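Student: Right, I'll just put the structure down here and ask away after.
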Amino acid sequence: DAGVTQSPTHLIKTRGQHVTLRCSPISGHKSVSWYQQVLGQGPQFIFQYYEKEERGRGNFPDRFSARQFPNYSSELNVNALLLGDSALYLCASSWGGSSYNEQFFGPGTRLTVL
Amino acid sequence: AQSVTQLDSQVPVFEEAPVELRCNYSSSVSVYLFWYVQYPNQGLQLLLKYLSGSTLVKGINGFEAEFNKSQTSFHLRKPSVHISDTAEYFCAVSASSGNTPLVFGKGTRLSVIA
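Encoded structure:
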């Protein structure tokens, strides 16, 4: 079975631009979570979606938004990009939406903001 | 809220030697605990998890960890490391009640020396 896939792999944007990152979960998984991993740090939770509804949101500004589609894929949108948004963005999927459900991570999208 | 402290940012160790990566957590409620590994340019892979029951947890690739509630620790151990174990290791915690996201530590870079 295919794992979690993310696109694009790498992305370069300039300050003020908008970006959309995409994630396809493992087949059968209904929950998708997004994390931001700044260089040298651990991943930080941004959003969780389960059955197309937002289940949780981390401490990120309103410039960050996300949604989950009927096929359980997901998009993360970031508006008005700042230099500090440069990071690896990780998507993780799980079968259920509970804390004990194992999360499977994709390879990430490396975003560079110039 | 939960938090995780990984006490060592870098751990060098010779091949075939034992290793321990330390993790302490803080929480006012019961928790689930996880260890993830991240190889260069890849996403995170679950090594092992503690949900309940036996405090000694065995994972993949010969790793194990012990949950110590009194010391709020969840240290990761391997009796004999290989070059292929060189990677970044992350400890993570979530509350066991409700649906709370993973909170990660800053990571420990394990470098295995031939």
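Protein chains in written order, with the numbering used here: chain A, 276 to 389; chain B, 947 to 1060. In this text, a Cβ means the ideal position worked out from N, Cα and C, and glycines have one as well. The structure displayed is predicted, hence computed values, not measured ones.
1) For residue 279 (chain A), count the other beta carbons within 10 Å of its own beta carbon; 16 or more makes it buried, fewer makes it exposed. Which is it?
2) Within 10 angstroms of the Cβ of residue 1022 (chain B), are there 16 or more other Cβ atoms? Answer buried if so, exposed if not.
3) Any chance you could list the beta strand (DSSP E) runs of at least 3 consecutive residues sitting entirely within the stretch 957-1016 of chain B, in chain order?
4) Could you give the DSSP three-state label for residue 301 (chain A): helix, strand or coil?
5) At which residue ranges does the stretch 313-361 of chain A contain complete beta strand (DSSP E) runs of 3 or more residues, listed in the order of the chain?
6) What's the gap between the Cα of residue 286 (chain A) and the Cα of residue 954 (chain B)?
7) Pull up the distance between the alpha-carbon of residue 1027 (chain B) and that of residue 365 (chain A), whole angstroms please.
8) May I ask which residues mark the beginning and end of the beta strand (DSSP E) holding residue 1035 (chain B)?
9) For residue 389 (chain A), is the beta carbon positioned less than 7 Å from some heavy atom of the ligand HEM?
10) Name the chain B residues whose beta carbon is nearer than 9 Å to that of residue 382 (chain A)?
11) Just to confirm my understanding: we take residue 1048 (chain B), look at its own chain, exclude 5 residues before and 5 after, and list those with CB closer than 8 Å. What are they?
12) According to a CB-to-CB cut-off of less than 7 Å, which residues of the stretch 345-365 of chain A neighbour chain B?
13) Taking only beta carbons into account, state which residues of the stretch 303-317 of chain A come closer than 9 Å to chain B, listed in chain order.
14) What's the gap between the Cα of residue 382 (chain A) and the Cα of residue 993 (chain B)?
15) CA-CA distance, residue 1005 (chain B) and residue 1053 (chain B)?
Tutor: So, to answer that:
1) Position 4 of the first sequence holds residue 279 (chain A). The residue in question, residue 279 (chain A), is buried, as its Cβ has 16 or more Cβ neighbours within 10 Å.
2) Translated into the one-based positions of the second sequence, residue 1022 (chain B) becomes position 76. So residue 1022 (chain B) counts as buried.
3) 965-967, 969-972, 977-984, 990-996, 1002-1004 and 1010-1014
4) Mapped onto the first sequence, residue 301 (chain A) falls at position 26. In this structure, residue 301 (chain A) counts as coil in the three-state DSSP scheme.
5) 319-325, 328-332, 339-343 and 349-353
6) The residue you call residue 286 (chain A) lines up with position 11 of the first sequence. The residue you call residue 954 (chain B) lines up with position 8 of the second sequence. One C-alpha to the other measures close to 32 Å.
7) Stepping through the second sequence from its first residue, residue 1027 (chain B) is reached at position 81. Stepping through the first sequence from its first residue, residue 365 (chain A) is reached at position 90. Roughly 28 Å between the two C-alpha positions.
8) Within the second sequence, numbered from 1, the residue matching residue 1035 (chain B) stands at position 89. Note, residue 1035 (chain B): beta strand (DSSP E), 1033-1041.
9) The model depicted lacks the ligand HEM and carries no ligand whatsoever.
10) Here residue 382 (chain A) refers to the residue found at position 107 of the first sequence. By Cβ distance, chain B contributes 987, 988 and 989.
11) Locating residue 1048 (chain B) in the second sequence gives position 102, counting from the first residue. Contacts found: 980, 1038, 1039 and 1040.
12) 365
13) 308, 310, 312, 315, 316 and 317
14) Mapped onto the first sequence, residue 382 (chain A) falls at position 107. Mapped onto the second sequence, residue 993 (chain B) falls at position 47. Those two C-alpha atoms are separated by around 16 Å.
15) Position 59 of the second sequence, counting from 1, holds the residue named residue 1005 (chain B). Position 107 of the second sequence, counting from 1, holds the residue named residue 1053 (chain B). Those two C-alpha atoms are separated by around 18 Å.
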